[in-house]
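Take a look at the structure below.
In our numbering, the protein residues as written are 975 to 1274.
In structure tokens:
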């Protein structure tokens, strides 16, 4: 990007390379696959060429076809986000999407398969982007099914749906989302700590994790009434894209495998510190995470 367009005061971008990767909830799948955890996927795509690309990318992450439940809708395109990056700086992003709620028939189809597949799972991750795939009624029923089957359920929530996620295992909003849910700004350690407690108690969730960018994360264990402030481990930040997906993926994987609240959160924080040092929706490998933990002198 070295020239200004003669047609308008905007930069001219010369494309040197294009890459296509999973984003959104697909990035959760990618992060789990990077640490050898398999996934059962529920999502919605359009009836277009991009849906085939998305399906192929999911299958590359070892999601097998019988565990891939993609609603194919003619009403919406397959969501895509195009990021223009110059060196290590994101210049702009172009989104192609349409937000419409799924139909009752589609909702029933999701629930039918979800009730079957949850029995094969150790935990459930809900990535709520408020794009219409998770209407209020479906959210409530999914949470209900998780509770009935005693399955760990973690949620990356949208503010509009916060009140629907009652009795889940953990929610992982960032500090801005948590503040909006509380109706006030929260930034300092004490404000974040009180906010995490208030949200967990209001929703009767087992835990609340508030991610804080360069300040790391704060975790409140509602059962033990304990709070942990975990500082960030990122050395360089190139791109925060998908860091929240990494946090919820790694935390959930380690928690359902038997690790404690604090251990799982520290691993998730270490993984997030790794991915923000990479470009785009990236992942952290087990060896990278292990090295980061060793550098922190933890778990020896």
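Note that the Cβ used here is the ideal one computed from N, Cα and C, for glycine as well.
Item: What is the C-beta distance between residue 1250 and residue 1257, in whole angstroms, given that I count them as a contact (C-beta under 8 Å)?; Value: So it is not a contact: roughly 12 Å between Cβ atoms.
Item: What's the C-alpha gap between residue 1099 and residue 1261?; Value: 24 Å
Item: So, for residue 1244: in the same chain, excluding its five sequence neighbours on each side, which residues have a beta-carbon less than 6 Å away from its beta-carbon?; Value: 1207, 1263, 1266, 1267
Item: Would residue 1132 be called buried (16 or more neighbouring beta carbons within 10 Å of its own) or exposed?; Value: buried
Item: Could you check which residue in 1231, 1225, 1232, 1246 has the C-alpha nearest to that of residue 1238?; Value: 1225
Item: Using DSSP with H/G/I as helix, E/B as strand and the rest coil, what is residue 1014?; Value: coil
Item: By the 10 Å Cβ neighbour count, where 16 or more other Cβ atoms means buried, how is residue 992 classified, buried or exposed?; Value: exposed
Item: If you compare alpha carbons, which of 1010, 998, 986 is closest to residue 1275?; Value: Residue coverage of the chain in this structure runs from 975 to 1274, which leaves residue 1275 outside it and unanswerable.
Item: Would residue 1144 and residue 1182 be called neighbours here (beta carbons separated by less than 8 Å)?; Value: yes
Item: Which whole-angstrom value describes the C-beta separation of residue 1177 and residue 1140, a residue pair presumed to lie in contact below a C-beta threshold of 8 Å?; Value: 5 Å
Item: Under the three-state reduction of DSSP, which class applies to residue 1085: helix, strand or coil?; Value: helix
Item: Does the count of Cβ pairs from the region 1045–1053 and the region 1023–1031 closer than 8 Å reach three?; Value: yes
Item: By DSSP, does residue 1200 sit in helix, in strand, or in coil?; Value: strand
Item: Return the bridge partner residues of residue 1060 from the DSSP annotation.; Value: 1063
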